[in-house]
Every structure is written in C-alpha cells, then in structure tokens.
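Asker: Below you will find the structure I want to go over with you.
Protein chains in written order, with this note's numbering: chain Y, 118 to 363; chain H, 430 to 625; chain X, 5 to 457.
Rendered as structure tokens:
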C-alpha cells in the first residue's frame, strides 16, 4: 500500500441503498475488510439531502448538509457506493454553503476526503487483492452523476475486467439517463418510465444477464423497467459483483 | 500549403457536398467544360455575371444585366422584352474567394453585380481563379479586417458551401430546396487578370 | 401560436401515446446528435472554441447597451433603418404599419423563431396580408396549423405520408410520397411568391456591432430569396444576438452548424450589409432591422440567469435530452422546447405559467455536455426550481410532505420509524416504487446494528 492509503474508512451509505439494497452495503463492508481496511459506519447518518436539493428545497438541503458534515467531519477517508450522493457532497455542498464560510470550509474538507466506491478501489486497492469471481454476461450502466459530474468511466470497467468469468458487453449508450432523476420519477412517472424503457431496450439488445451500476436510484429504476417487460435480467450493484465468489 | 494542395482540399470538400469540380488549364478548356455542362440547356436560359474578368474570358454567354434581364417578375408595362430571372436555369458566376477547409465559395454582391444568379437558377456554375483559394475562414478574415475594405464588397457577402439542401421531411436529404440543385465549380488554372 | 405551457403534464402524457411522433423525434434526435459528435470529434480545438464562444457571449451581453448602440450606429451608416422594440406588440405594430404604408399584400418569411415568439404572422394576417413561410419545415407546419416540434427542424414529427396528404389537401397537388417530389412542390409553389411579395421578413443568427452586418445561416436558400427579391426587407433580431464583429463571428461559424446538424458549415451564410447599392442588380430597396427586447433585458439584469441569453438556437440540447426525445417539442407548449425551452419559457412568460417546465428534467447534464456556448443548463434549471419553491409555487401537500420527510432525516430514530412505516405502506401504495421493487425487512442500519451486538 502506498503512503496515502488510509487505514480506517468511514462509510457513507446512500439512503436508497440503505432501504433497498442493504445487502449491497453489507457486501461493500465485507469487501473493504477483505482488502485490509478497518470500516466504520456512523449509525446516525440518514440522507445527504439530494432529493430536497434536486427539487429546489435548498434550505432543507442546507440543513441536512450541515448535519451530514457534523457527522463526517472527523473522518479520515469516506467511501460512498453512489455516484450521485458523492457528487451531491463534493460538488453541491460547497455551492449550497457558499455564503457560510465555516460550513463551506467543512464542506470542502469533507468533500476532499470523500470517494465514490469504484474510484476508491481504483486508487487504493491493487486489483489482485479483490479476487472476485462472477461468471455471467454483464452490461454496465453509467449513472449521469458518475459519468458527467465525477468523470467516472474507466474505473468500474477496469474493476470488472478483473472479475473471473465475467463477460462485459457494452450497451449502445451506457451513459444515457435511466429516467430516475429522483423525485422526477414521481412527478412525471410516465415520462420516467418511457426513458427507462429506452434503456431497457438497449440492455435487452446486449444479451446480458445482469445490469451493473454504482447508483442505487438508477438500479432501482432500471429494475422496474425490466420487470415491466417481464425480463429475467436482474440489477446488481458494482460492489456486490466485486464481493462475489463463485 | 501551396495552391495545388489547397485546390485538392477544396475539391475534396466540394465533392462531399455533392458539388462537381473541374479544372480548366486555359480559356479553351474552360469553354469545353462549359459547353458540356450546358449541353442540355437552351442558350436563352443561360446567363453570366457582369464581372470585368469574366468579360475578358470571352465566353459568348449572355450577360445578366438590364435592360434585357430583370430580377423581378418581368411584368413592366411598356418596356419589353424583359427576361425574368426565373427563366434562367444555368447561372454562371465568378467567385471572389474560396475556403478550402469547408468547401466554401465567397461571393460579394458588389463585385458580381447582384445576388440572384448564384441563387435562383437550377444549376450554379462557379468560376474560381486558382489564386483566390484560401485555406480557411481565418485566412479570409486576415485579408478583410473590419472597416471600409470589407464593406465595399457589397450589400451582401454570401458564403456558399454546396448545393441548396433540406432534410426537413423525415431527414431525407434533398438537394435544390430553393437555391440551386446543382453546383459546379470550375477552377481557372490560368491568369484571369482580376484587379483587387 | 396558442401558448399551452400550463398543460405541460397533460401534453407530455399525450405525446407519449403518439408512437409515430416518438419514433420520428427519437430517430431524428439520435441522428443529429451522432452527427454532432462526429463533427466535433473532427474539430481539434473544439473545447477551446466552446469556452471562447461562452466568453464572447458573456462579454457582449454584459456590455449589451453599448454593443447595441454601436450596432445601431453602424447599421444606420449602411442605410439600414433600425427600430428598437421593447416588446412583441411594438414590433408587430411597427412591421404591420410599415407593410400597410407601402401597400404590401404579400410577405415571404425566412425561418425566425423570434417572429414566432411574438406571433408576427397572426398580426399581419389579421390586417389582410398573406404571409408565406418559406423554410420547408416551417412551410409544412404553417399549412398544418401547428407549432414547431424542434428548434431547427420544425416538422420533424411529420411523416412523408402526412406531408404528402397535407400538400394534396392545401395546395391541390397530386399525392406524392417521395420527399424529393414534395420538396420540388414546395420549391415551385414558393418560387413565384419571392418575386411577388413586397416584403421579406427574416431573423438573424448574429448582428455584428462594428460593421452593422446581420448574419443569416441556412441550408435551403429561402432566407437568401426572402431577403433579396422583395422591395423591402425587415430583419427581426433579438437583442442578445449582437456580438462585436467578424473575428468573433468566426468562432461561432466553426461551432454552430456542427452543433446543429453536424455539418462543417451551413450551406449558406449571408452577411447582409444594407439595402441594394448602386450598381447592384438586386437586393431590397429598403432594409429595416427591428431589435427586439421582449423580456431579454429583464433576463439580462437577473445576473444568475443571464447565461440563458447566450443560446445560439442550435438544438443540440434537444437532441440529447432524454425527456425531449420521449415527448417532442409540442408538449412544451410554446416556441422553444427541450432544455433551453424549459429554461427560457418560464423567464419569458413568467414562472407561474410554466412552472412544470424546469421540473421536467432528470438533471442528467447531457445538455450541458453539448451546449456550444457552455450554458450551465441544469444548474440554471435548478435555480428556477429553487425560486419556484421559495415563491410557494408548488402544491401545499407536496411542501408538507417534503417537510415531513426532511424532519425524518434529522434523527436516526425518526429515520428508522419512517422506514418501518414505508415498509407497511408499500402494500397500500402500489406504484410508489417501481414495478416489482420491494423494501426488505431490514435496512442496512439494522443489519449493521445487529452485527455489532
């Protein structure tokens, strides 16, 4: 391990993953421990405030941002298995708190110590250490925040390339939005579903058995789309794949 | 990039825009090419621009200018015979500059005497002196920085890159939407004595 | 056109049922965006040009008053009559009065979204003047009595069969499905009009302050026709179109056609510098420029939202927008659609009239990725959302629920209680979660806690 590798990691588990895919969060814990890290999970964490922020409820988002920063400010290194939540803290907390110098500084500090999971693994874990095995045909969905806000594209693919037995097939446009958009999917459900249906068409065309991504919101929306056409294809979070043994 | 390289590049770009390209080594060759291009066209439906250097080429093609030609409907009581621009199917113009990188022809209305001949006829034949081929728009702007110099070129300076086109119906590309359906560019590889 | 921005939700739902339109819009957007990607890939300095384009627009609009004054003086030196219109009513009145005073009975028009913004056609037709749109797409929707479904290709939603039937019905021509034949029909039909019309109306893509030049980009040649043969030419130009001069124009010429259709250059770029000059055989005898405000200065003064005015109307954002691709342009209810439409419509018409437009985005950022002038579209849409919330523009129930949700996030106890309730509630509220998705028995908080003991 290099000099800057942290010894203890603090987990920031997105509320959607907490509620819908707790097994993926558990998988991340196991994976990080396997890689030799001590893992902490501040139980008082709730939501980073993104749903409020995205709908324009900035005051509420600020309140939740300050709460988040209080919880995580002492952390040496924070790992989050979601591109959108990572982008929320890193990019939008400083915007939200721009007028409050003390909080702005906290936001910048915490943001600087926060990594999306695939980014973290790519930077701090030699690929040989992960030793995952997951036979199957997989296609990867790049969430909008991951690819466009955080510039993540190669990292998940490099990680998947090391998984024994896994065949990665790219869909026609992996960066195309899945249609979730947080509360957008509640406000405009038919449009959201129509967008998801387009994504599903692309997925079906790959012949993959699994759709993998790093954003629980996207995965949920895509699973819904797959279920609507009665497809047997299932979604899986990237960290679950990386934690798999055959 | 020398003159011939620029010409090669220009022709490449023009072909991609569905334009036809020719090179005339001397005035006789030019006449040959024009003859073949206008073969199926009645002589009264062909006209050329009134430029001094086109005049010098001695092309034996009627000049587009009053009193014989008028841009309007041609219905002027008492003064005939007017030939409306609508009846011209082949318009032969000069070209002020060409921009090789984008296959663009630059025509200034002040030099050519008007805008219509490169617009209304079905077939636009453009005669381009070799030394007027520039590489790019930036080079053109270097020649014509703002001010009187540029304005003197006329009420309209038009950059033409290919034949008229539309894809408004189901994205099917159709040429000749309103402007010319055919564009032929003949590069004159001999001195034509343009002033300025 | 009839403004239907309030009915966005309903229109979007309707649009989703129109499979033909969806197919057409989907196919076209994909083609345009693929062509754009290819054209930008071939332009080595593309990113630097986009940044430069943003800077030029930012400066021009920051110093808008001075730039407009310079443009006006330069244009007047060329013999152009320049009129400033505070709003659409004034612009329509000016042009209408001008047409009346010259006994004009027929008008030909080049494509201009600005004139659609102010409903100019309707005003002129009300005083008995015949107005003919000459851009093929605009001509088609004019005959059909519809609004544009895309910023640069207004009749995208129509199949060739629909166009064929339309031409037969309105023009009395035989039924031809071939797009080439249909285009020739329009060409022949409109050819006479250019020579008969007393007035040609155009927009402009750019107005150059230093020389008084207006610049029109097109592929068909109809704008060249409309601005050459009628005796009078009126260009309606939004005040945000002014840029300093030719050098700056060069930057935009490298970007605009590539962004819109993937072409290296539009077929025709016309730099118009006044009416016909002595010695010229054609060109209008008289040229007017109407500089239209219609809310643009107000948007400019709203510094946060100012970049909304940088738009080149290329349509690139529409082509990559997952929402636009599904619902097409009509659902937005006004002239401008897609991401830029969602951004400017509430600003032009008032937030209350169009409050669902900024909401109708997943904030995926695809638009920001392709905007040639780097307008931060998603961030500006979010700003509009913030203002809608602050002005209590959303239903009371929604605000209350957000408040309650927020309260549940402030303590782990209430958070867990909310999870418990949601688990029970999911049985009674089908459709709240996507099909087949269920909340598990234990969330991760619980699993972790159990593991610690």
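Every residue gets a Cβ at the ideal spot worked out from N, C-alpha and C, and that includes glycine.
Bear in mind the structure is a predicted one, so any value in this text is a computation, not a measurement.
Between which two residues does the beta strand (DSSP E) carrying residue 291 of chain X extend?
Answerer: Residue mapping note: residue 291 of chain X aligns to position 287 of the third chain, counting from 1. Note, residue 291 of chain X: beta strand (DSSP E), 290 to 296.
Asker: Taking the straight line between their C-alpha atoms, what separation do you get for residue 274 of chain Y and residue 149 of chain Y?
Answerer: Position 157 of the first chain, counting from 1, holds the residue named residue 274 of chain Y. Position 32 of the first chain, counting from 1, holds the residue named residue 149 of chain Y. Approximately 19 Å, taken between the alpha carbons.
Asker: Which stretch, first to last residue, makes up the beta strand (DSSP E) that contains residue 458 of chain X?
Answerer: Not covered by the structure: residue 458 of chain X. The range shown for chain X is 5 to 457.
Asker: Going by alpha carbons, who is nearest to residue 211 of chain X out of X/183, X/241 and X/13?
Answerer: One-based indexing of the third chain puts residue 211 of chain X at position 207. The shortest C-alpha separation from residue 211 of chain X is found at X/241.
Asker: Is the segment 154 to 163 of chain Y in contact with the segment 120 to 135 of chain Y, if contact means three or more CB pairs nearer than 8 Å?
Answerer: They touch, by the three-pair rule.
Asker: What do you get for residue 260 of chain X, buried or exposed, if any count of 16 or more other CB atoms within 10 angstroms of its CB means buried?
Answerer: Along the third chain, read from residue 1 onward, the residue named residue 260 of chain X stands at position 256. With 16 or more other Cβ atoms within 10 Å, it is buried.
Asker: Could you give the distance in angstroms between the alpha-carbon of residue 542 of chain H and the alpha-carbon of residue 613 of chain H?
Answerer: Position 113 of the second chain, counting from 1, holds the residue named residue 542 of chain H. Position 184 of the second chain, counting from 1, holds the residue named residue 613 of chain H. Approximately 20 Å, taken between the alpha carbons.
Asker: Using a Cβ cut-off of 9 Å, pull out every chain Y residue sitting near residue 440 of chain X, in sequence order please.
Answerer: Your numbering for residue 440 of chain X matches position 436 in the third chain. Here the neighbours are 340, 341, 343, 344 and 345.
Asker: Spatial neighbours of residue 147 of chain Y within its chain, please: CB distance less than 8 Å, with the 5 preceding and 5 following residues excluded, ordered by chain position.
Answerer: Residue numbering aside, residue 147 of chain Y sits at position 30 when the first chain is read from its first letter. Answer for residue 147 of chain Y: 360, listed in chain order.
Asker: Under the three-state reduction of DSSP, which class applies to residue 505 of chain H: helix, strand or coil?
Answerer: Counting from one through the second chain, the residue named residue 505 of chain H turns up at place 76. A caution first: residue 505 of chain H carries a pLDDT of 37, below 50, which makes its placement in the model too unreliable to give a value.
Asker: What are the boundary residues of the beta strand (DSSP E) that residue 449 of chain H is part of?
Answerer: Here the question's residue 449 of chain H lines up with position 20 in the second chain. 449 to 453 is the extent of the beta strand (DSSP E) around residue 449 of chain H.
Asker: Return the chain-ordered ranges of every alpha helix (DSSP H) run that is complete within the segment 273 to 308 of chain Y and spans a minimum of 4 residues.
Answerer: Whole alpha helix (DSSP H) segments, 4+ residues: 301 to 304.
Asker: Taking the alpha carbon of residue 353 of chain Y as the reference point, which residue from Y/127, Y/128 and Y/199 has its own alpha carbon closest?
Answerer: Locating residue 353 of chain Y in the first chain gives position 236, where the first residue counts as 1. Among Y/127, Y/128 and Y/199, the Cα nearest to that of residue 353 of chain Y is on Y/199.
Asker: At what residue ranges does the segment 159 to 217 of chain X contain a whole run of the beta strand (DSSP E), taking only runs of 3 or more?
Answerer: Within the segment 159 to 217 of chain X, the complete beta strand (DSSP E) runs of at least 3 residues are 203 to 206 and 210 to 212.
Asker: When you compare each of X/232, X/203, X/135 and X/47 to residue 547 of chain H by their alpha carbons, which one comes out closest?
Answerer: The residue labelled residue 547 of chain H in the question sits at position 118 within the second chain. Nearest option by C-alpha distance: X/232.
Asker: With a cut-off of 7 Å, does the C-beta of residue 336 of chain X fall near any C-beta of chain Y?
Answerer: Against the third chain, residue 336 of chain X aligns to sequence position 332. Chain Y contact via Cβ: absent.
Asker: Taking the alpha-carbon positions, what's the residue 325 of chain Y to residue 256 of chain Y distance?
Answerer: Position 208 of the first chain, counting from 1, holds the residue named residue 325 of chain Y. Position 139 of the first chain, counting from 1, holds the residue named residue 256 of chain Y. The alpha-carbon atoms of residue 325 of chain Y and residue 256 of chain Y are separated by roughly 6 Å.
Asker: Strictly under 7 Å for the Cβ-Cβ distance: is residue 447 of chain X near chain Y by that measure?
Answerer: The sequence position of residue 447 of chain X within the third chain is 443, counting from 1. Judged by the 7 Å Cβ criterion, residue 447 of chain X is in contact with chain Y.
Asker: Assuming residue 147 of chain X contacts residue 174 of chain X under a Cβ cut-off of 8 Å, what Cβ separation, rounded to an integer in Å, is found between them?
Answerer: Position 143 of the third chain, counting from 1, holds the residue named residue 147 of chain X. Position 170 of the third chain, counting from 1, holds the residue named residue 174 of chain X. Indeed, because the Cβ distance is near 5 Å, the residues count as touching under 8 Å.
Asker: Identify whether residue 445 of chain X lies in helix, strand or coil by the three-state DSSP scheme.
Answerer: Numbered from its first residue, the third chain carries residue 445 of chain X at position 441. Of the three classes helix, strand and coil, the one that applies to residue 445 of chain X here is coil, per DSSP.
Asker: Give every residue of the same chain whose Cβ lies closer than 8 Å to the Cβ of residue 610 of chain H, excluding the five residues on either side of it in the sequence, and list them in chain order.
Answerer: In the second chain, the residue the question calls residue 610 of chain H occupies position 181. Only 551, 552, 592, 593 and 604 meet the Cβ criterion.
Asker: Quick one: Cα of residue 536 of chain H to Cα of residue 620 of chain H, how far?
Answerer: Residue numbering aside, residue 536 of chain H sits at position 107 when the second chain is read from its first letter. Residue numbering aside, residue 620 of chain H sits at position 191 when the second chain is read from its first letter. Going by the C-alpha atoms only, they are around 19 Å apart.
Asker: Determine the burial state of residue 157 of chain X: buried for a count of at least 16 other Cβ atoms within 10 Å of its Cβ, exposed for fewer.
Answerer: Numbered from 1 along the third chain, position 153 holds the residue referred to as residue 157 of chain X. By the 10 Å Cβ count, residue 157 of chain X comes out buried.
Asker: Measure the C-alpha to C-alpha separation of residue 505 of chain H and residue 106 of chain X and round it to an integer number of angstroms.
Answerer: Here residue 505 of chain H is taken as the residue at index 76 of the second chain, counted from 1. Here residue 106 of chain X is taken as the residue at index 102 of the third chain, counted from 1. Any reading at residue 505 of chain H needs caution, since the residue's pLDDT is 37, under 50, leaving its predicted position unreliable; the model's value is listed next. The straight-line gap from Cα to Cα measures roughly 19 Å.
Asker: Distance check for residue 221 of chain Y and residue 304 of chain X, CA to CA, integer angstroms please.
Answerer: Translated into positions along the third chain, residue 304 of chain X becomes position 300. Translated into positions along the first chain, residue 221 of chain Y becomes position 104. The alpha-carbon atoms of residue 304 of chain X and residue 221 of chain Y are separated by roughly 29 Å.
Asker: Three-state secondary structure (DSSP) at residue 252 of chain Y?
Answerer: Taking the first chain and counting its residues from 1, the one referred to as residue 252 of chain Y is at position 135. It is a strand residue.
Asker: Can you tell me which of the three DSSP states residue 261 of chain Y falls into?
Answerer: The sequence position of residue 261 of chain Y within the first chain is 144, counting from 1. Here residue 261 of chain Y sits in helix by DSSP.
Asker: Got a sec: which bits of the segment 575 to 588 of chain H sit with their beta carbon under 9 Å from any beta carbon on chain X, in order along the chain?
Answerer: Here the close residues are 575, 576, 579, 580, 582, 583, 584, 585, 586, 587 and 588.
Asker: Would you list, in chain order, the members of the segment 223 to 243 of chain X that have their beta-carbon closer than 7 Å to a beta-carbon of chain H?
Answerer: Listed by position, the residues of the segment 223 to 243 of chain X near chain H (Cβ gap below 7 Å) are 223, 224, 225, 226, 228, 229, 232 and 233.
Asker: Pairs of beta-carbons, one from the segment 87 to 103 of chain X and one from the segment 289 to 298 of chain X, closer than 8 Å: are there three or more?
Answerer: In short, these stretches touch, since the Cβ pair count reaches three.
Asker: Taking 7 Å as the CB-CB cut-off, is residue 268 of chain X touching chain H?
Answerer: The residue given as residue 268 of chain X occupies position 264 in the third chain. So yes, residue 268 of chain X belongs to the interface.
Asker: Return the residues of the segment 246 to 260 of chain X that lie within a Cβ-Cβ distance of less than 8 Å from chain H, sorted by chain order.
Answerer: If the cut-off is 8 Å between Cβ atoms, the segment 246 to 260 of chain X has 249, 250, 251, 254, 257 and 258 near chain H.
Asker: Please tell me whether residue 606 of chain H has its Cβ less than 7 Å away from any Cβ of chain X.
Answerer: Taking the first residue of the second chain as 1, we reach residue 606 of chain H at position 177. With 7 Å as the cut-off, residue 606 of chain H counts as an interface residue toward chain X.
Asker: Please classify residue 139 of chain X as buried or exposed, where buried requires at least 16 other C-beta atoms within 10 Å of its C-beta.
Answerer: As a position in the third chain, residue 139 of chain X is number 135, starting the count at 1. So residue 139 of chain X ends up on the buried side.
Asker: Residue 242 of chain Y by DSSP, collapsed to three states: which one?
Answerer: The residue labelled residue 242 of chain Y in the question sits at position 125 within the first chain. Looking at residue 242 of chain Y - three-state DSSP - the assignment turns out to be coil, as it is neither helix nor strand.
Asker: Enumerate in chain order the residues of its own chain whose CB-to-CB distance from residue 287 of chain X is below 7 Å, with the five nearest sequence positions on each side excluded.
Answerer: What you label residue 287 of chain X is simply residue 283 of the third chain in a count that begins at 1. Here the set comprises 232, 279 and 280.
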